[in-house]
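Visitor: First the structure, which I've put down as structure tokens, then a few questions once you've had a look.
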Amino acid sequence: MEVSGKTDEECDYKSLYVMSKTFKVRPMFAYYHHRDVSFRGMLKRLCLTKMLPKGSIVNHLEERFDDFFFLDFDPIILPPEKKHINRYKQAKQKAIFFSLTKLIGGRKRAKSSFPGATNETSDRPLVHFTPNKGWMNDPNGLWYDEKDAKWHLYFQYNPNDTVWGTPLFWGHATSDDLTNWEDQPIAIAPKRNDSGAFSGSMVVDYNNTSGFFNDTIDPRQRCVAIWTYNTPESEEQYISYSLDGGYTFTEYQKNPVLAANSTQFRDPKVFWYEPSQKWIMTAAKSQDYKIEIYSSDDLKSWKLESAFANEGFLGYQYECPGLIEVPTEQDPSKSYWVMFISINPGAPAGGSFNQYFVGSFNGTHFEAFDNQSRVVDFGKDYYALQTFFNTDPTYGSALGIAWASNWEYSAFVPTNPWRSSMSLVRKFSLNTEYQANPETELINLKAEPILNISNAGPWSRFATNTTLTKANSYNVDLSNSTGTLEFELVYAVNTTQTISKSVFADLSLWFKGLEDPEEYLRMGFEVSASSFFLDRGNSKVKFVKENPYFTNRMSVNNQPFKSENDLSYYKVYGLLDQNILELYFNDGDVVSTNTYFMTTGNALGSVNMTTGVDNLFYIDKFQVREPF
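Take our numbering: the final residue in the sequence shown is number 631, and no numbers are missing along the way.
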């Protein structure tokens, strides 16, 4: 097949012409293709987004001809008018498409140079950050540039492979809205190939306590990174400062600023404690099960104040601690301190997870209110949570993001040329009236997803105020889906109905693939267990079928958010994004994040709601929205 770019003199846009012996030349208009979405997802986006100006496309083609790539299936030849796109869905002619996302803040498709890398599924999430290529794990250095209104995300990054390995860098991305992220060059690099710039945090040194800045640097952009330098011999805490607002960094000449003669001392998280006018650091003595708390006047000299040790789940080791003041939901002017600790391995469900403790902090010591270890996220794929140093107040004061994978199987997930994604950014609050069971209220961390989509479509309601029976299941056509989908379900259980313990009394949602409906996600609620379940094992992808650590089935205990008129009400919001699912129960009182994988190109085609018992479930609301 021969391909050439030609200018269409009759319009203001650039056209592509495909030349082949099997069919005539046809014009194809260039539309915004968001990252590496599936072909059917691309069609949906084509219907919703503007064509790009001719000039920018011409320039892009001249500079980045490698952005062309061939599809392995029969695509559509697009006519000039957008209104005809859907009419050509069954076209059977070979063509090429290309990605122009770099022009408008996304990522262009990158070719993998990694030997043995799998491409069994390559549908890239649309609203969850992924690296352009290579390996990613822990989020690092989260901060908000108040001057430029820009959010910064750094992350553990191996650009040379799709598995963890040294040298390990700090990758970098920025965002205007916490949803759409733009890749930036590597921010921090290790000194040696057998070493790594391990996890850490970022602070804004407004008052220049470190002495690194002069008056030419805006106080709002005086950022200092505190990170672990890992070598085979030791783990020590380093600092680096930026004179350009967080894009490049200069290493402090007198590093390390903190050492402990240990190979297991890492992940410094630093914040400013206003009452004492000091910097506070939490750092993990990982295999001593200690979170040590240090103070400093200048980010260079640190004093050990106390340790929070041997609390909660111990697992194999502590990692990625964090201490932050979190407002209460009932009264945002009131707050408590929350200590986050990551565990790997040793999660109750296997692999890695995050726990937290609620208590008080006096500038030197953190005291938990009780010895309860609480779980941040009940899914398999949420680890190394880190909160932002500062925020835009309109979003709230406690925001965080986590690595959406699990160390048990992260090196084997079937994506290429990248591995791993981040969770959505979440806004945290404390629900001081969380009804853990009918007898007890607890303090509980609540999470609200931040999702900013400027062109989000409307919600479509498919079931409202109806009682579900075996005969009246609901079927929703998602054939135009991008593979990214939101849903809201409010349902109630009839508490007067007696159900035999031998009956699986379920409300089930079946999210089926379009090209192959035998691949599907099943999720739902079962009355006797009082739990919401997920089955992610119905896939033909080899990794899903064969990896013993990729647990197919899991569940979350789910309590009603209200009861009235013999009905117990439950609420769930879900976001499915190509290969990651986030579930928020009862407005985020409980959260579960899990990855899933279907065969490449098998985007969501339908969702079916069914029940095995008549008149047990009352559907108050079931609605679906495609963000794009």
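Note that the Cβ used here is the ideal one computed from N, Cα and C, for glycine as well.
Taking all protein chains shown into account, do 16 or more other C-beta atoms lie within 10 angstroms of the C-beta of Leu-619, making it buried, or fewer, making it exposed?
Guide: So Leu-619 ends up on the buried side.
Visitor: How many angstroms separate the CA atom of Lys-543 from the CA atom of Tyr-157?
Guide: Cα-Cα distance, rounded: 34 Å.
Visitor: Is it buried or exposed for Ser-595, if we count other Cβ within 10 angstroms and need 16 for buried?
Guide: By the neighbour-count rule (16 or more Cβ atoms within 10 Å), Ser-595 is buried.
Visitor: Output the residue ranges of the beta strand (DSSP E) runs that lie fully inside the stretch 187 to 242 and measure 3 residues or longer, sorted by chain position.
Guide: You should have 199 to 207, 226 to 233.
Visitor: Comparing alpha-carbon positions, which option in Tyr-241, Trp-275, Gly-249, Ser-279 lies nearest Ala-262?
Guide: Closest option to Ala-262, Cα to Cα, is Tyr-241.
Visitor: In angstroms with no decimal places, state the Cα-to-Cα distance between Thr-469 and Val-616.
Guide: For Thr-469 and Val-616, the distance between alpha carbons rounds to 14 Å.
Visitor: Am I right that Phe-625 and Phe-465 are in contact with their C-beta atoms under 8 Å? What's the rounded C-beta distance?
Guide: Right, their Cβ atoms sit about 5 Å apart.
Visitor: Where in the stretch 231 to 312 do unbroken runs of the beta strand (DSSP E), each at least 3 residues long, occur, reported from the N-terminal end onward?
Guide: As far as the stretch 231 to 312 is concerned, its whole beta strand (DSSP E) runs of at least 3 residues are 238 to 244, 268 to 276, 281 to 288, 293 to 299, 306 to 312.
Visitor: Hey, would you say Gly-460 sits closer than 8 Å to Arg-628, going by beta carbons?
Guide: Against a cut-off of 8 Å, the Cβ pair of Arg-628 and Gly-460 comes out as a contact.
Visitor: Grab me the residues of Tyr-621's own chain with a C-beta within less than 7 Å of its C-beta, minus the 5 sequence neighbours each way, in chain order.
Guide: Correct list, in chain order: Thr-470, Tyr-494, Ala-495, Asn-497, Leu-570.
Visitor: Would you report the Cα separation of Trp-230 and Gln-500, rounded to the nearest angstrom?
Guide: Those two C-alpha atoms are separated by around 57 Å.
Visitor: Looking only at its chain, what residues have a beta carbon closer than 7 Å to the beta carbon of Arg-539, apart from the 5 residues adjacent to it on each side?
Guide: The residues are Leu-524, Asn-555, Asn-597, Tyr-599.
Visitor: What residues in its chain sit with their C-beta under 6 Å from that of Tyr-477, if we drop five residues either side in the sequence?
Guide: Correct list, in chain order: Phe-465, Ala-466, Met-612.
Visitor: For Thr-614, count neighbouring C-beta atoms within 10 Å of its own C-beta (all shown protein chains included) and say buried if the count is 16 or more, exposed if not.
Guide: Buried, since its Cβ has 16 or more Cβ neighbours within 10 Å.
Visitor: How long is the line joining the alpha carbons of Ile-583 and Pro-441, rounded to whole angstroms?
Guide: Going by the C-alpha atoms only, they are around 33 Å apart.
Visitor: Taking the alpha helix (DSSP H) that Val-544 falls in, what are its first and last residues?
Guide: Counting along the chain, Val-544 falls outside any alpha helix (DSSP H), and DSSP gives it neither H nor E.
Visitor: Kindly indicate which three-state DSSP category Lys-515 falls into: helix, strand or coil?
Guide: It is a strand residue.
Visitor: Are the CB atoms of Gly-174 and Tyr-160 within a distance shorter than 8 Å?
Guide: The answer is yes: Cβ separation under 8 Å.
Visitor: Kindly indicate the opening and closing residues of the beta strand (DSSP E) around Glu-451.
Guide: Run containing Glu-451: 443 to 452, per the beta strand (DSSP E) assignment.
Visitor: Provide the residue span of the beta strand (DSSP E) that contains Gly-399, from first to last.
Guide: Where Gly-399 is concerned, there is no enclosing beta strand (DSSP E), given that its DSSP letter is neither H nor E.
Visitor: How far does the beta strand (DSSP E) with Pro-520 in it extend, from its first residue to its last?
Guide: First-last for Pro-520: undefined, no H or E at that position.
Visitor: How is the beta strand (DSSP E) around Glu-462 delimited, first residue to last?
Guide: Here the sequence assigns Trp to residue 462, which means Glu is not the residue at that position. That residue, Trp-462, is in no beta strand (DSSP E); it is neither H nor E in DSSP.
Visitor: Let me make sure I understand the geometry here. Which of Asn-550, Met-284, Phe-172, Asn-483 has the alpha-carbon closest to that of Phe-252?
Guide: Residue Phe-172 is the option with its Cα nearest to Phe-252.
Visitor: Taking 6 Å as the limit between beta carbons, can you name the residues of its chain near Thr-367, skipping five residues before and five after?
Guide: So the qualifying residues of the chain are Glu-308, Ser-309.
Visitor: Any chance you could list the alpha helix (DSSP H) runs of at least 4 consecutive residues sitting entirely within the stretch 383 to 439, in chain order?
Guide: The stretch 383 to 439 contains no whole alpha helix (DSSP H) run of 4 or more residues.
Visitor: Assign Ala-474 to buried or exposed, taking buried as 16 or more other Cβ atoms, counted over all protein chains shown, within 10 Å of its Cβ.
Guide: So Ala-474 ends up on the exposed side.
Visitor: The beta strand (DSSP E) with Asn-161 in it runs from where to where?
Guide: Here the beta strand (DSSP E) through Asn-161 covers 153 to 161.
Visitor: I need the boundaries of the beta strand (DSSP E) containing Glu-491, first residue and last residue.
Guide: Start and end: 487 to 497.
Visitor: Look up Glu-529 in the DSSP assignment and say whether it is helix, strand or coil.
Guide: Strand.
Visitor: Residues in the same chain with beta-carbon distance under 6 Å from Phe-372, minus the five sequence neighbours each way, listed in chain order, please.
Guide: Taken in chain order, the residues that qualify are Val-361, Gly-362.
Visitor: Taking only three categories from DSSP, how would you classify Glu-185?
Guide: Three-state result, Glu-185: strand.
Visitor: Using 8 Å as the threshold, is the stretch 294 to 314 in touch with the stretch 401 to 416, meaning 3 or more CB pairs across them?
Guide: Segments in contact, no.
Visitor: Answer yes if the stretch 214 to 226 comes into contact with the stretch 243 to 258, meaning at least three C-beta pairs across the two stretches below 8 Å, and no otherwise.
Guide: Yes, the stretch 243 to 258 touches the stretch 214 to 226.
Visitor: Where are the beta strand (DSSP E) runs, 3 residues long or more, that stay fully inside the stretch 304 to 358, in chain order?
Guide: The stretch 304 to 358 contains these whole beta strand (DSSP E) runs: 306 to 312, 321 to 330, 338 to 346.
Visitor: For Ser-432 versus Val-559, is the C-beta spacing smaller than 8 Å?
Guide: Contact: no.
Visitor: If we count the other Cβ atoms within 10 Å of its Cβ and call it buried at 16 or more, is Ala-152 buried or exposed?
Guide: Exposed, by the Cβ-count rule.
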